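**Student:**
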Amino acid sequence: MSKGFGESDMAQVQSDRATSESVRRLIDENQRQAEHATTRRAEGTYGLCEDCGQTISAERLRFLPDATRCVSCQARLEQR
Ligand SMILES: [Zn+2]
23 MSKGFGESDM
33 AQVQSDRATS
43 ESVRRLIDEN
53 QRQAEHATTR
63 RAEGTYGLCE
73 DCGQTISAER
83 LRFLPDATRC
93 VSCQARLEQR
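Per this note's numbering, the sequence shown runs over residues 23 to 102.
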């Protein structure tokens, strides 16, 4: 192994790669969700939970304009 590129450097490179990979996935996910919300707007179902059909609170939509589920359905989804 060449000088100045020890095992800890390798670990750093690998963790950097893992970080950018998960960031990229997160961006992809956000992008998909934004597009999904746009579709829901076009369908006229924007603001309604796609799971239970209840109205998503205006406050939630103010903070998360791309939300397509109510708080409880989203929480249930993220628990899985
Ligand atoms: Zn719901």
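All residues carry an ideal CB built from backbone N, CA and C; glycine is no exception.
Keep in mind the model is a prediction, meaning the values are calculated, not measured.
If you measure from each residue's Cβ to the nearest non-hydrogen atom of ligand 1, which ones come out under 5 Å, in chain order?
**Tutor:** CYS71, ASP73, CYS74, CYS92, CYS95
**Student:** Assuming ALA80 contacts TYR68 (C-beta within less than 8 Å), just tell me the rounded distance between them.
**Tutor:** That pair is no contact at about 12 Å.
**Student:** Within the continuous alpha helix (DSSP H) that includes ILE49, where are the two ends?
**Tutor:** Counting along the chain, the alpha helix (DSSP H) containing ILE49 begins and ends at 29 to 65.
**Student:** If you reduce the DSSP assignment to three classes, tell me which class LEU86 lands in.
**Tutor:** coil
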